[in-house]
Amino acid sequence: MTLVTDRTAAFKSSRFRVISGALLVLAIVGGVFAYNHFFRTEPAPFFASDEDHFLFGSIGTEETDGIPYWIWLVLPRIFPEYLPAPGGYASLGVLSKDGHEMPVGFSKVTIGFERVGINCAICHAASYRLRPDDPPTVVAAAASHQMAPQQYVRFLFACASDPRFSADTIMAEIAKNYRLPLTERLLYRFAIIPGTRRAILRLKNQDAWMNDRPDWGRGRIDPFNPVKFGRLAQQVDATIGNSDMQPVWNLNAHAGGVFHWDGLNTNLQEVVLSSAIGDGANNKWVDRDFSRWNETDPRRMSSLRRIQNFIGAAKPPKYPLPIDATLAAAGATVFQGECASCHAFGGARTGALIPLEEIGTDRHRLDMWTPASAAAYNAYGEGHAWKFSRFRSTKGYASVPLDGIWLRAPYLHNGSVPSLGDLLKPAASRPTGFWRGYDVFDPISVGFVTAGREAERAGTWFDTTRPGNSNAGHAYGTMLPADKKRELIEYLRTF
Ligand code: HEC
Ligand code: HEC
12 MTLVTDRTAA
22 FKSSRFRVIS
32 GALLVLAIVG
42 GVFAYNHFFR
52 TEPAPFFASD
62 EDHFLFGSIG
72 TEETDGIPYW
82 IWLVLPRIFP
92 EYLPAPGGYA
102 SLGVLSKDGH
112 EMPVGFSKVT
122 IGFERVGINC
132 AICHAASYRL
142 RPDDPPTVVA
152 AAASHQMAPQ
162 QYVRFLFACA
172 SDPRFSADTI
182 MAEIAKNYRL
192 PLTERLLYRF
202 AIIPGTRRAI
212 LRLKNQDAWM
222 NDRPDWGRGR
232 IDPFNPVKFG
242 RLAQQVDATI
252 GNSDMQPVWN
262 LNAHAGGVFH
272 WDGLNTNLQE
282 VVLSSAIGDG
292 ANNKWVDRDF
302 SRWNETDPRR
312 MSSLRRIQNF
322 IGAAKPPKYP
332 LPIDATLAAA
342 GATVFQGECA
352 SCHAFGGART
362 GALIPLEEIG
372 TDRHRLDMWT
382 PASAAAYNAY
392 GEGHAWKFSR
402 FRSTKGYASV
412 PLDGIWLRAP
422 YLHNGSVPSL
432 GDLLKPAASR
442 PTGFWRGYDV
452 FDPISVGFVT
462 AGREAERAGT
472 WFDTTRPGNS
482 NAGHAYGTML
492 PADKKRELIE
502 YLRTF
């Protein structure tokens, strides 16, 4: 009672009124300022073509996991020693296309301030060259064999762990490029830089589990353990889920089949939505995006739906060199006899899960995804319109269609076999180590060049004796005579 009276009395004093009025104005201005500078979301940039949307568009990863644009831009200049080679992010296998500000696989969206997120194309776009001095050809929806996602996050961890990740150093580097308005300068100095550093160090801590497992290397990632230990809050276990990127073209033709190397889901929509979640889109963003799932105007439709449309229809690129038609025709017969049952569209076991005991390839990726993980992902979206129900744990690897197989090296789910020529050798004769990540095409074996100075400079070493990296199994065709193998490989170029 007395308190209220005292307050009323105080309020009546005009001096107090002036002060509180000023405070109120300040609070409103401060609120608007904070809102504008931290949260006001501008529409994500629009890309007229579905392909550009796939390569550069937003999948909602900027809000929670995004990196403030100016920090992201200057880090490679401040810390080149934490990158594998000169050249900034390109040294990690990040691709770019003329006429686009951002590299392939990176989106830029303003949520208060400009933030950079990743999208599907960081792992699902590849480059190849026919000769070392050609410019790279960038292929959307291909399996990236050149990008090093683990080195990218480790680069960020190393930067944030360095005392030079400070307002002074970063602001000085930004100032060399651009004069930020005063408010932004203050914001960067006192809030964004320290906040980003803390966030990256938190992530470094969260991802510590990956340090005592074999490195992913170029073109590979452990895609589901981060989801298990992060979003699904499962206990950190000892599994190794390292797997090769998959292409995401022509997926309408795979409909009714299985998705992911072990067929852990059978529904493309769920795979697309869960991929965005796995990459850092938060549930609120997914709710918003999903509410526009059935819009058809590209300017208003769901970003993920547009991506699903694109990867459903995108065609793999044609083999870029001449093919010997007679040899290929002979190879078609070999394929029919040895491979078609599992790999031709409509084959009796195409899209089936071939039990581990039968296929004989490395088992780690399979053991990583347990029934408990599948159940947890199916329960994860409880209360959301997009809730999942098709996750499952399986006991085999999927026999996938081989469309665009010439551009899918290295082969098998763990990327352990560098070329088609090597896949047709008995496991004991396949290379036990090779450089992967170099994008010059090897037209003889059908794969990428895996040795030599340039391959070493651009690549990471793949050691098939490390856990998760076995190149054993898939013995099909390995006993064919050499001429039959040549015919078969010629035919596979036509896919
Ligand atoms: C950080 C890398 C990365 C990003 C980003 C990524 N993926 Fe993937 N994706 C993979 C890997 C690796 C696999 C194979 C995983 C496995 O089964 O072990 C895969 C598999 C898939 C498959 C299954 C393909 C098939 O034939 O079965 C689809 C579909 C897919 N991704 C779609 C997407 C979409 C859509 C996005 C963006 C919303 C996305 N991915 C983002 C790495 C990535
Ligand atoms: C019994 C079914 C079966 C037969 C027969 C079969 N494969 Fe496979 N193939 C698979 C499975 C399952 C995988 C995935 C295995 C893994 O990654 O661990 C696979 C993977 C592959 C891959 C790698 C795909 C990629 O994107 O990395 C190629 C290439 C391939 N097979 C070619 C062939 C050829 C050529 C033949 C015939 C000589 C053949 N396969 C016969 C089941 C089969």
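If you want my numbering, it's the position in the sequence shown, counting the first as 1, plus 11. Ideal placement from N, C-alpha and C gives every residue a C-beta, glycine not left out. Quick caveat: nothing in here was measured; it's all calculated off a predicted structure.
Looking only at its own chain, which residues have a Cβ that is under 8 Å from the Cβ of residue 203, when we skip the five neighbours before and after it? Within the same chain, Cβ atoms closer than 8 Å to the Cβ of residue 203 are found at 79, 82, 124, the five residues on either side in sequence being excluded.
Distance, residue 380 Cα to residue 494 Cα: Using only the alpha carbons, I get a separation of about 40 Å.
Take residue 398 and list the residues in its own chain whose beta-carbon comes closer than 7 Å to its own, dropping the five residues that flank it on each side. Counting only residues of its own chain and dropping the five nearest sequence neighbours on each side, residue 398 has a CB closer than 7 Å to the CB of 392.
Ligand 1 and residue 234: does the residue's C-beta get closer than 8 Å to at least one heavy atom of that ligand? Residue side-chain check: residue 234 places its Cβ nearer than 8 Å to a non-hydrogen atom of ligand 1.
What residue range does the alpha helix (DSSP H) around residue 495 cover? Counting along the chain, the alpha helix (DSSP H) containing residue 495 begins and ends at 493-503.
Apart from the five residues on each side of it in sequence, which residues of its chain come closer than 6 Å, Cβ to Cβ, to residue 550? The first residue shown for the chain is 12 and the last is 506, placing residue 550 beyond what the model contains.
Take residue 16 and list the residues in its own chain whose beta-carbon comes closer than 8 Å to its own, dropping the five residues that flank it on each side. Reliability fails at residue 16, whose pLDDT of 39 lies under 50, so the model's placement of it is uncertain and the value that follows must be treated cautiously. Once the five neighbours on either side are set aside, residue 16 has no close Cβ partner at all.
Let me confirm a value: residue 329 is counted as buried when at least 16 other C-beta atoms fall within 10 Å, else exposed. Which label applies? Burial call: exposed.
For residue 279 and residue 266, the rounded distance between their alpha carbons: So the alpha carbons of these two residues sit roughly 7 Å apart.
Please report the straight-line C-alpha distance between residue 500 and residue 77, rounded to a whole angstrom. When rounded, the distance between both Cα atoms is 43 Å.
Please classify residue 133: does DSSP put it in a helix, a strand, or coil? The three-state secondary structure of residue 133, taken from DSSP, is helix.
7 Å CB neighbourhood of residue 474 in its chain, flanking five on each side removed: Close CB contacts of residue 474 within its chain, under the 7 Å cut and outside five residues either way in sequence, are with 444, 480 (chain order).
Please list, in chain order, all residues of the same chain as residue 335 whose beta carbon is under 6 Å from its beta carbon, the five residues on each side excluded. Answer for residue 335: 501, listed in chain order.
Cα-Cα, which of 99, 255, 132, 44 is closest to residue 429? Checking every option, the nearest Cα to that of residue 429 belongs to 255.
Reduced DSSP category for residue 125 - H, G, I as helix; E, B as strand; rest coil: Note: residue 125 maps to strand in three-state DSSP.
Would you say the beta carbon of residue 231 comes nearer than 8 Å to a heavy atom of ligand 2? False, no ligand heavy atom lies under 8 Å from that Cβ.
Residue 409 - containing alpha helix (DSSP H), residue span: Counting along the chain, residue 409 sits inside no alpha helix (DSSP H); it lies in the beta strand (DSSP E) bounded by residues 407-409.
Test item: CB-CB of residue 497 and residue 457 under 9 Å: Not closer than 9 Å, so no.
In whole angstroms, what separates the C-alpha of residue 439 from that of residue 317? Using only the alpha carbons, I get a separation of about 44 Å.
Opposite residue 151 in the DSSP bridges: which residues? Answer is 136.
Going by DSSP in three states, residue 75 sits in which element: helix, strand or coil? Three-state DSSP puts residue 75 in a helix.
Just to confirm the assignment, what range does the alpha helix (DSSP H) spanning residue 206 have? Where residue 206 is concerned, the enclosing alpha helix (DSSP H) stretches over 204-217.
Would residue 370 be called buried (16 or more neighbouring beta carbons within 10 Å of its own) or exposed? By the neighbour-count criterion, in which a residue is buried when 16 or more other Cβ atoms sit within 10 angstroms of its Cβ, residue 370 is buried.
Considering only residues of the same chain and omitting the five flanking positions on each side of residue 23, which have a CB-CB separation below 6 Å? Because residue 23 carries a pLDDT of 46, less than 50, the predicted location of this residue cannot be relied on, and no value is offered for it.
Just to confirm before moving on: does the CB-CB distance between residue 358 and residue 261 stay below 9 Å? Cβ atoms of residue 358 and residue 261: not closer than 9 Å.
List in chain order the residues whose CB is within less than 5 Å of at least one heavy atom of ligand 2. Residues flagged by the Cβ proximity filter: 349, 350, 353, 365, 370, 372, 408, 410, 419, 422, 423, 424, 487, 488.
Neighbourhood of residue 225 by C-beta, 7 Å cutoff - its chain only, sequence neighbours within 5 removed: Residues 251, 253, 477, 478, 479, 480 of the same chain have their beta carbon placed closer than 7 Å to that of residue 225, with the five preceding and five following residues left out of the count.
Which runs of the alpha helix (DSSP H) at least 4 residues long sit entirely within the region 259-321? Give them in chain order. With a minimum length of 4 residues, the unbroken runs of alpha helix (DSSP H) contained wholly in the region 259-321 fall at 279-289, 294-301.
Roughly how many angstroms lie between the CA atoms of residue 338 and residue 309, to the nearest whole one? Between residue 338 and residue 309, the C-alpha separation is close to 44 Å.
Need the endpoints of the alpha helix (DSSP H) that residue 173 sits in, please. Taken as a continuous stretch (DSSP letters only), residue 173 belongs to no alpha helix (DSSP H), as it is neither H nor E.
Using a Cβ-Cβ cutoff of less than 6 Å, which residues in the same chain neighbour residue 128 once the five nearest sequence positions on both sides are dropped? Cβ neighbours of residue 128 beyond the five flanking positions: 72, 73, 77, 118.
Can you tell me whether residue 65 is buried or exposed? The criterion is at least 16 other CB atoms within 10 Å of its CB, across all chains shown. Buried.
Using 8 Å as the Cβ pair cut-off and three pairs as the minimum, do the region 159-179 and the region 88-99 touch? Segment contact: the region 159-179 against the region 88-99, three or more CB-CB distances shorter than 8 Å; contact assigned.
Excluding the 5 residues flanking residue 58 on each side, which residues of the same chain have their C-beta closer than 7 Å to its C-beta? If we look at residue 58 and ignore the five residues flanking it on each side, its Cβ neighbours are 64, 67, 68.
Looking at residue 159 and residue 103, is the spacing between their C-beta atoms short of 9 Å? Yes, the Cβ-Cβ distance between residue 103 and residue 159 is below 9 Å.
Three-way DSSP call (helix, strand, coil) for residue 366 in this model: In the displayed model, residue 366 falls within a strand according to three-state DSSP.
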